[in-house]
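For the sequence shown, the residue numbers in my numbering are 7 to 683.
Encoded as structure tokens, the structure appears first; notes follow it.
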Amino acid sequence: MVLRSYHWMRTILFLTLACILPCNALAQPMTDSITGKTHSLTGIDVVTSYNRNVHAATPQQEINSGRMLTMGIESLSDVLKNMAGVTLRDYGGAGGMKTLSVRGIGSRHTQVIYDGFPMSNCQTGEIDLSRYSLNYTDRISLTMGDGDQLFLPARSMLGAATLTVESRGSRVESQGSRVEGIESRVNTQPQLSVGSWGTVNPALFYSQQLSQRVTVTAIGEYFYADNDYPFTLRNGTITSHEHRVNSRMSSGHGEANVFWKVSRISQLQAKTYYYDNSRKLPGIVRYYTQENDERLHERNAFTQLHYINRITDKWHLQAHAKWDWADSDYENNNPGSVATSAHYKQQEAYTSVSTLYDATSWLSTSVAADYIYNHLQNTAAALHGPDRHSLLQAVAAQVHIQRLTATAKLLAMEVSDKVTNQPLRHTNRLLPSMSASYQLLPSEQLYVRVMWKQGLRMPSFNELYYFHFGTTELQPERANQWNAGITWQSRNYRRFQTAFTVDGFVTDVKDKIVAIPFNMFVWRMMNLARVRTTGVDITTNINYHLNKKHSFELTGSYSLQRAENRTDHSSPHYGKQIAYIPQSTWSIAIGWQNPYINVSVTNSGMSERWATNEHYDDTRMGGFAETSISLWRGFDIRKIHCILRASVLNVFDRQYELVANYPMPGRSWKITAQIEL
């Protein structure tokens, strides 16, 4: 019955798209529903985006570049620590891999979108967030579930959560080709950051409006760090002071965008991107040694096109196309190592067509179809030539009646894996989701919201085929998410404004694939039949303007989650918290803006965790809290606008670990100077 429904749905979708595609006009891009308010703070305008999380039927959290500055945020890790429901897995320092898990589901359920296109890694199934810096990043958002937007590719419905990163110069104004947020036709923004342990990070942003129809932007940066930070090694009653070794990182990336406004209602955008990272991989700190001789050289290039068409006031059409290439050289010179050196090459071809129809003032519908091809070549696979073909199709409808907004979506997916001399692996699923938001009082921004989503995660090629560690019998993970919450935002009083959200959630994952680290690049895979996570996420934001020159902002988040192993009632480990998921995480940031030097103080932390699902005594990882302070000021020298910022991270030199036996850095400093020409 499911297959019949699936093929019927596929036929309807392609017939619908076939009727729309012949339209040859390009179209005006759909503008984001973000509105904003600007406060002048000592020569710099900080744009505080409208709190979409209050109105959304699914939990959404967003931090834009203005708030990153006022909150003293220095890295993407700092952004994620200030978001509720997030667990960050970090191997320490700039050279350590960083991945994101949301609400205990796992990092491979989190989709990463960069400038409108999903990032992929068919080899491991997860994105290393250490490759993204905050240089020239305009906004970062995290959405649980599918979100409220309809006009999206079908692939956007794959993740249990979506992390969206938007770089500067990735948008243009709705009425022209000028880059959003930049006044001049030609704009140059050089920047230099220096910090502890040999950190140097120069960067450059450039934009130019070539004509009324064409604008180009470019970003380039280089990052280097020795990462030989000190840490304390404790082994029983013996304590020694060591320095991290084999943790150097040297990386760079460049990207360019071209915006072509074909007509009053048409636009085409193209992006080319290249990333190169050569790093040493820090090893496990075990007993008296941390010696390690592993290296990883990663390269990634992609080019993408986004084409958008407003056929009529009610019909909209868009198309996405992307080619992605990645190359990884892993070198392991440790004597007697099980994992040998390996070379990986992966390619992806991706195309998507979607349409939006505003049927009435209260009803909108959308249809989308995506095709994805993935290929991996490697020297460490049990089988050769893994290829994956994925066909994704989605229909969605949204109703907005007075104070009620309700959204329903359905994703049909068909995935086929082909390996040399092996039978095809087929997976077909229908995955629905629903969400609703209701304004309780017409005169107050007080809402209740509910969400339900079914999800599926295909095993990665490493999980299936990696030599000695891959398991070809692994089943896809099946996830059910439920969410219910209440949100409120106060009226915009002269001096005071506040907002808060409270969401309770349940996630139920069957056939969960659990990755336990053997070392930083190799994982041992196992299936747990069932994991259930229950919890609460709380966020709050308070703004107080003492007078025209002084204002204060407080932002906080707290998460309580219980992620339990529900596999076998007779097991002594039934009901225990799964590995690396803390029960409590929190963050708080306080900022003071004034005419002299702006100040921000942040504190974040988490409760104890366990490095194994069995909770053996020697695998307990203690909780911690980390505090950082940032000072910054914006000023003008003639026509040159300058921003200077100095930060002290982990002020109290707290030693902790996010992954067992991989110590995190202690106290450090960072100074950043940026000018705008």
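By construction, the Cβ of each residue, glycine as well, lies at the ideal position given by its N, Cα and C atoms.
Over what stretch of residues does the beta strand (DSSP E) that includes residue i continue unbroken?
{"i": "G640", "result": "F630 to I643"}
{"i": "G289", "result": "Counting along the chain, G289 falls outside any beta strand (DSSP E), and DSSP gives it neither H nor E."}
{"i": "F211", "result": "T205 to Q215"}
{"i": "E227", "result": "V220 to A231"}
{"i": "N141", "result": "N141 -> no beta strand (DSSP E), and no H or E assigned at all."}
{"i": "E559", "result": "S557 to N571"}
{"i": "H604", "result": "A small correction: the amino acid at residue 604 is Asn; His does not occupy that position in the sequence shown. Unbroken beta strand (DSSP E) run through N604: N604 to M612."}
{"i": "N468", "result": "From DSSP, N468 is part of no beta strand (DSSP E) but of the alpha helix (DSSP H) over F467 to Y471."}
{"i": "V171", "result": "A167 to S173"}
{"i": "N486", "result": "E483 to Q495"}
{"i": "E261", "result": "M255 to S269"}
{"i": "L239", "result": "P236 to N241"}
{"i": "L664", "result": "E663 to V665"}
{"i": "V92", "result": "V92 to D96"}
{"i": "L302", "result": "E300 to R316"}
{"i": "L198", "result": "V192 to G201"}
{"i": "I677", "result": "S674 to E682"}
Keeping to the same chain, check which residues put their C-beta closer than 7 Å to that of residue i; ignore five residues upstream and five downstream.
{"i": "G391", "result": "V425 and T426"}
{"i": "L683", "result": "T194 and I646"}
{"i": "L86", "result": "V92, L94 and L106"}
{"i": "F550", "result": "It should be pointed out that residue 550 corresponds to Tyr in this sequence rather than to Phe. Excluding positions up to five away in sequence, the list reads R501, F502, S557 and F558."}
{"i": "E663", "result": "M627, P669 and M670"}
{"i": "R639", "result": "T48, I603, N604 and L650"}
Which first and last residues belong to the alpha helix (DSSP H) in which residue i is found?
{"i": "V85", "result": "L82 to K87"}
{"i": "S71", "result": "S71 to T76"}
{"i": "L650", "result": "It is not in any alpha helix (DSSP H) - L650 instead sits in the beta strand (DSSP E) that spans I646 to L655."}
With a CB to CB cut of under 6 Å and the five nearest residues on each side skipped, what residues in its chain are close to residue i?
{"i": "R582", "result": "Looking at the sequence provided, one finds Lys at residue 582 rather than Arg. Answer for K582: N571 and H621, listed in chain order."}
{"i": "I594", "result": "G562 and N609"}
{"i": "S590", "result": "L566 and S613"}
{"i": "D509", "result": "P65, N489, G491 and D543"}
{"i": "D335", "result": "H303 and H349"}
{"i": "K516", "result": "R484 and R536"}
{"i": "S71", "result": "D144"}
{"i": "A90", "result": "D543, T545, S563 and S565"}
{"i": "G153", "result": "T64"}
{"i": "Q680", "result": "Q197 and I649"}
{"i": "R673", "result": "N656 and D659"}
{"i": "N207", "result": "S199 and F229"}
{"i": "D423", "result": "R394 and R431"}
{"i": "H406", "result": "W368"}
{"i": "S176", "result": "D121"}
Using only CA atoms, which one of the options lies nearest to residue i?
{"i": "S256", "options": "Q487, G461, E227 and I635", "result": "E227"}
{"i": "I133", "options": "P208, T93, R615 and S113", "result": "S113"}
{"i": "D514", "options": "L462, T504, T433 and M532", "result": "L462"}
{"i": "C648", "options": "H381, L82 and T678", "result": "T678"}
{"i": "R305", "options": "G258, Q296, K328 and K87", "result": "G258"}
{"i": "P671", "options": "A412, G98, D509 and Y363", "result": "G98"}
{"i": "A666", "options": "N141, P482, K351 and G289", "result": "G289"}
{"i": "N547", "options": "E354, L86, A505 and S272", "result": "A505"}
{"i": "V60", "options": "T545, K555 and Q680", "result": "T545"}
{"i": "L416", "options": "Q428, H247, Y602 and A402", "result": "A402"}
{"i": "G151", "options": "D96, H406 and T168", "result": "T168"}
{"i": "D96", "options": "Y313, L470, N88 and S83", "result": "S83"}
{"i": "E632", "options": "N88, E68 and I69", "result": "N88"}
{"i": "T221", "options": "Y313, N263, T411 and R455", "result": "N263"}
{"i": "A160", "options": "Y356, D319 and Q215", "result": "Y356"}
{"i": "V607", "options": "G153, R73 and A63", "result": "R73"}
{"i": "L470", "options": "T130, S81 and E80", "result": "T130"}
{"i": "D330", "options": "N340, D642 and L382", "result": "L382"}
{"i": "T76", "options": "R644, T618, G597 and I635", "result": "G597"}
{"i": "R316", "options": "Q273, N468, Q428 and Y212", "result": "Q273"}
Quick one: what's got a C-beta closer than 8 Å to residue i's C-beta in the same chain, skipping five residues either side?
{"i": "G110", "result": "T93, T513, V537, T539, G541, Q567, A569, I584 and I587"}
{"i": "W675", "result": "G201, S202, A652, S653, V654 and L655"}
{"i": "Y281", "result": "R137, S257, G258, H259, E304, R305, N306 and A307"}
{"i": "K320", "result": "Y363, D364 and A365"}
Let me check you understand the geometry: is the CB of residue i closer than 7 Å to at least one non-hydrogen atom of the ligand FMN?
{"i": "C648", "result": "For the ligand FMN, the structure offers nothing, since it holds no ligand at all."}
In chain order, which continuous runs of the beta strand (DSSP E) of length 3 or greater are located wholly inside the segment 338-372? Every unbroken stretch of the beta strand (DSSP E) spanning 3 or more residues and falling wholly within the segment 338-372 is given here in chain order: 348-364.
Check whether the segment 432-448 and the segment 195-208 touch, using three or more Cβ-Cβ pairs below 8 Å as the test. Judged by Cβ distances under 8 Å, the segment 432-448 makes no contact with the segment 195-208, as fewer than three pairs qualify.
Taking contact to mean 3 or more Cβ pairs, one atom from each stretch, closer than 8 Å, check whether the segment 434-452 and the segment 489-497 are in contact. They touch, by the three-pair rule.
Is there contact between the segment 317-328 and the segment 281-297, where contact requires at least three CB pairs shorter than 8 Å? Because the criterion of three Cβ pairs below 8 Å is not met, the segment 317-328 and the segment 281-297 do not touch.
Specify whether the segment 118-127 and the segment 229-247 touch according to this definition: at least 3 beta carbon pairs, one from each stretch, less than 8 Å apart. Touching, no, given that fewer than three Cβ pairs across the two stretches are closer than 8 Å.
Please go through the segment 415-455 and give each complete beta strand (DSSP E) segment of 3 or more residues, from N-terminal end onward. Entirely contained in the segment 415-455, the beta strand (DSSP E) runs reaching 3 residues are, in chain order, 431-445.
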